[in-house]
Amino acid sequence: MGFSLLLILFLYFFSLSQACTGIDNIAEAITLLELNNWDLVVSSLSPGFGLCSLTVDQSEAADAVAGAFCPISPSSRHIVERQPRMLNFRVEYRQRSVELVVEESRTVGEIKQILETELGVPVSKMQLKGWKSGDVSDSTVLRSLHLPKNNSLYVLTPDIAPTASTSKNSALEDSLNQNFLLVISHREAQKDYSLYFPGSRTIQEVKRNISDLTNIPVRHQQWEGWPASASDDSMTLAVSGISYPCHHLSVCQRSSPANAQEPTEECADVHMISDSEGDDFEDASEFGVDDSEMFGVGSSSCRKSPMMPENSENEADALLHFTAEFSSRYGETHPMFFIGSLEAASQEAFYGKARDRKLLAIYLHNDDSVLSNVFCSQMMCADSIVSYLSQNFITWAWDVTKEANKARLLTMCTRHFGSVVTQTIRTYKTDQFPLLLIVMGKRTSNEVLNVIQGNTTVDELMMRLMGAMEIFTAQQQEDIKDEDEREAREMVKREQDEAYRLSLEADRKKREAQEREEAEQVRLEQIRKEQEEEKEAIRLSLEQALPPEPDEESGEQISKLRIRTPSGEFLERRFLGSCKLQVLFDFVASKGYPSDEFKLLTTFPRRNITQLDPGSTLLEAKLFPQETLFLEAKE
1 MGFSLLLILF
11 LYFFSLSQAC
21 TGIDNIAEAI
31 TLLELNNWDL
41 VVSSLSPGFG
51 LCSLTVDQSE
61 AADAVAGAFC
71 PISPSSRHIV
81 ERQPRMLNFR
91 VEYRQRSVEL
101 VVEESRTVGE
111 IKQILETELG
121 VPVSKMQLKG
131 WKSGDVSDST
141 VLRSLHLPKN
151 NSLYVLTPDI
161 APTASTSKNS
171 ALEDSLNQNF
181 LLVISHREAQ
191 KDYSLYFPGS
201 RTIQEVKRNI
211 SDLTNIPVRH
221 QQWEGWPASA
231 SDDSMTLAVS
241 GISYPCHHLS
251 VCQRSSPANA
261 QEPTEECADV
271 HMISDSEGDD
281 FEDASEFGVD
291 DSEMFGVGSS
301 SCRKSPMMPE
311 NSENEADALL
321 HFTAEFSSRY
331 GETHPMFFIG
341 SLEAASQEAF
351 YGKARDRKLL
361 AIYLHNDDSV
371 LSNVFCSQMM
381 CADSIVSYLS
391 QNFITWAWDV
401 TKEANKARLL
411 TMCTRHFGSV
421 VTQTIRTYKT
431 DQFPLLLIVM
441 GKRTSNEVLN
451 VIQGNTTVDE
461 LMMRLMGAME
471 IFTAQQQEDI
481 KDEDEREARE
491 MVKREQDEAY
501 RLSLEADRKK
511 REAQEREEAE
521 QVRLEQIRKE
531 QEEEKEAIRL
541 SLEQALPPEP
551 DEESGEQISK
561 LRIRTPSGEF
571 LERRFLGSCK
581 LQVLFDFVAS
591 KGYPSDEFKL
601 LTTFPRRNIT
611 QLDPGSTLLE
621 AKLFPQETLF
631 LEAKE
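Quick note: the sequence shown uses UniProt numbering, first residue 1, plus one each step.
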């Protein structure tokens, strides 16, 4: 029995030493272990052996990144070409939905031109809504909007009147502008949230907002109440089928999957049988000793699946697989890994308001490192570390065990952070993993505050996280101060602009009123002139039509009339007694006193001559042989 146990322990020890040294020859492996006093970690770091020799591959995929970890000449390394970033858009128009994939170097106007072809809606009558930053101009480049990989937009056409066949489309367009009340019950906390969302908001955005309120990550949320039609999180609330104006939902945290996994055939315990068939032998597990506990590390070959699949098309799917595998190996108590691209994680951490910004913690895992198991189980899953990271950091993770995934990571880091972060990762060898990079966003570039290697303790890890947080807090206070000052300046500028606009508006109204008044004066003056000209023409015609003034020696009956004007002047003229009163009226009118404006009165007794029959004679009106009259304006 003692011999069997020793043999079992020796084979376990040898299998692990082979995994660390990477040497298949048993003699060479034992020699190396003896030289290093049977220290597995030291042996795995020995020059010319270990993980470096295991990871050096002559294929093109490995050459792209192996130079950072193994002594390969620079000439053999390949430069990873930067591919243009593609953005996915789902555009809804009435009851139609259009899927677009465009480069981020395109403009909003180019998207509208594509939609014009797809929807048949002229660009001039199209309003493209749903941008996170509000309305944007057609010349805006998509890259400047810092958009995520997947986006949802909708088209409004207020200038195109809906027909009877498009009444449902019009209703959908109205729904996009309506506000939905979602009453969401958090079952664990026994708390209800009443939240208003516009119809253009997507289900994914609602779940993210609930994640902020309940601290339940989107991937761990379990919902009840969504209609069957809400099958895609990228759908807007308007088309999801929820009730308007109010809809009730409930959310809780999804129950944890079983951590234990059935051992595969590769992971079966080793049973050694002696030459004697009659002896009973036990393996090491019968002594209450677990394989991983015996050596403090786990064998990477005894896992069902890698932390992250190789050549995954979607970064979010790769992160979901990483999170599930991490939970399966080390339990549900771990940092809340950001599900999404590295660009989306940096946007979340760096590009909000100064008060909302956080540090970005990039966790890089490598199963080929003997330190990974201890670091994950004892550091990353420690309650204090998990709580501190969740409160102060956006934690994004990636697995660099596979060369293709590592090359992809270096390409992403170069694209989003520049060559400094990429070179920082390249300088570390496999046995120094896992790494925790603490990145702080700055105005001009991103700065790596700290690189924490796998050979650390919980206390040291916490101290380094707190040290990075102190640096970040000092920078954040400056950013908050600058942001407040900038907002104050912008507020003053807006107030000044508004005051200037109101002043211009008042000046414009005053100028318009003055122009209207001047125009009215000109019009009235023109009317007055026309009236005067008309009166003058009438006066001249009356004056010319008057009969000649008779002589006193004519021998006929002559009536001599003296007429006082309102100004005190006197008009004198002789008339034949047989003249009609109309001749008298015409004479007075020819002097500027028409009968429709003035009345002609006798002195005593007072009579209004203008009320008499114009056809009667002066004799009949008793204005003979002489009479004094006066003119008086009519009321």
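C-beta atoms are modelled at their ideal positions from N, C-alpha and C, and glycine is treated no differently.
Would you kindly check if the distance between the Cβ of P550 and the Cβ of Q582 is under 8 Å?
Taking a C-beta distance under 8 Å as the contact criterion, Q582 and P550 do not qualify as a contact pair.
Inter-residue Cα distance where the pair is R464 and N366
Each residue's alpha carbon lies about 21 Å from the other.
With DSSP run on the structure shown, which of helix, strand or coil describes L45?
Caution applies to L45, whose pLDDT of 46 falls short of 50 and renders its modelled position unreliable; the model cannot decide the point.
Hey, could you find the ends of the alpha helix (DSSP H) L364 is sitting in?
Careful: L364 lies outside any alpha helix (DSSP H), inside the beta strand (DSSP E) at 359–365.
Quick one: Cα of G296 to Cα of P84, how far?
Legend: pLDDT at G296 = 40, less than 50; position of this residue unreliable, value from coordinates given subsequently. Spanning the two alpha carbons is a distance of roughly 44 Å.
Any 3 or more C-beta pairs closer than 8 Å across the stretch 139–152 and the stretch 330–344:
Yes, the stretch 139–152 touches the stretch 330–344.
Beta-carbon within less than 8 Å of H220's beta-carbon, same chain only, minus the 5 sequence neighbours each way: which residues are those?
Contacts found: Q253, R254.
Quick one: using the 10 Å Cβ neighbour count with 16 as the cut-off for buried, is G555 buried or exposed?
Exposed.
Taking only the alpha-carbon atoms, compute the straight-line gap between E495 and G134 and give it to the nearest angstrom.
One Cα belongs to E495, the other to G134, and the distance between them is close to 22 Å.
So the beta strand (DSSP E) V451 belongs to, where does it begin and stop?
If you look at V451, you'll find it in the beta strand (DSSP E) that goes 446–452.
Which one or two residues does DSSP pair with F570 in a beta bridge?
Beta-bridge pairing links F570 to R564.
My output table needs one value for Y93: the three-state DSSP class, helix, strand or coil.
Y93 falls in the strand class under three-state DSSP.
If the criterion is Cβ atoms closer than 8 Å, does the pair Q453 and Q432 meet it?
It is a contact, given that the beta carbons lie within the stated cut-off.
Buried versus exposed call for Y428 [16 or more other C-beta atoms within 10 Å across all chains shown]
Buried: at least 16 other Cβ atoms inside 10 Å.
Work out the CA separation of S234 and E116 for me, nearest whole Å.
Going by C-alpha positions, E116 is about 22 Å away from S234.
Please determine, among V522, G467, F630, the residue with the shortest C-alpha to C-alpha distance to F570.
Nearest of V522, G467, F630 to F570, Cα basis: F630.
Exposure label - P47; buried when at least 16 CB within 10 Å
In this predicted model, P47 has a pLDDT of only 44, less than 50, meaning its place in the structure is not dependable enough to derive any value.
Looking at the ligand MG, does it come within less than 7 Å of P122, judged from the CB to the closest heavy atom?
Questions concerning the ligand MG fall outside what the structure shown contains, since it holds no ligand whatsoever.
Let me make sure I understand the geometry here. Which of L176, F197, A189 has the alpha-carbon closest to that of L182?
Selected option, being the one with the closest Cα: F197.
Measuring straight from C-alpha to C-alpha, what distance separates K442 and F350?
Distance between the alpha carbons of K442 and F350: 8 Å.
If you follow the beta strand (DSSP E) that N151 is in, where does it begin and where does it stop?
Start and end: 150–156.
Within 8 Å, do at least three Cβ pairs link the stretch 376–384 to the stretch 508–517?
No, they do not touch.
Residue span of the beta strand (DSSP E) that contains E556, given as start and end:
Run containing E556: none; DSSP gives neither H nor E here.
Give the secondary structure of D399 by DSSP, where H, G and I count as helix, E and B as strand, and everything else as coil.
When secondary structure is reduced to three states using DSSP, D399 falls in the strand class.
Out of T107, R94, E620, I111, which has the shortest C-alpha to C-alpha gap to L100?
Residue I111 holds the alpha-carbon nearest to the alpha-carbon of L100 among T107, R94, E620, I111.
Whole angstroms are fine: how far does the CA of V91 sit from the CA of V206?
Cα to Cα, V206 sits roughly 18 Å from V91.
Which residues in the same chain as A621 place their Cβ atom closer than 8 Å to its Cβ, once the five residues preceding and following it in sequence are excluded?
Hits under 8 Å: L581, I609, L612.
Could you tell me which residues DSSP puts in a beta bridge with G441?
Under DSSP, G441 forms a beta bridge with N446.
Close Cβ partners of F337 (< 8 Å) along its chain, the five nearest in sequence each way excluded
Contacts found: L319, F322, T323, F326, Y363, T395, W396, A397.
Quick one: using the 10 Å Cβ neighbour count with 16 as the cut-off for buried, is G130 buried or exposed?
In the assembly as shown, G130 is a buried residue. Its beta-carbon has 16 or more other beta-carbons within 10 Å.
Could you compute how far the alpha carbon of D138 sits from the alpha carbon of K358?
Straight across, the Cα-Cα distance linking D138 with K358 is about 32 Å.
Looking at the secondary structure, which residues open and close the alpha helix (DSSP H) in which V218 lies?
In the DSSP assignment, V218 falls outside any alpha helix (DSSP H), carrying neither H nor E.
Pair within 8 Å by beta-carbon distance, residue 692 and Y193:
The question about residue 692 has no answer, for the chain in this structure spans 1 to 635.
Per-residue burial, A633 [other beta carbons within 10 Å of its own, 16 or more giving buried]
A633 should be labelled exposed.
How many angstroms separate the CA atom of S523 from the CA atom of E487?
The amino acid occupying residue 523 in the given sequence is Arg; Ser does not appear at that position. Going from the Cα of R523 to the Cα of E487 covers about 52 Å.
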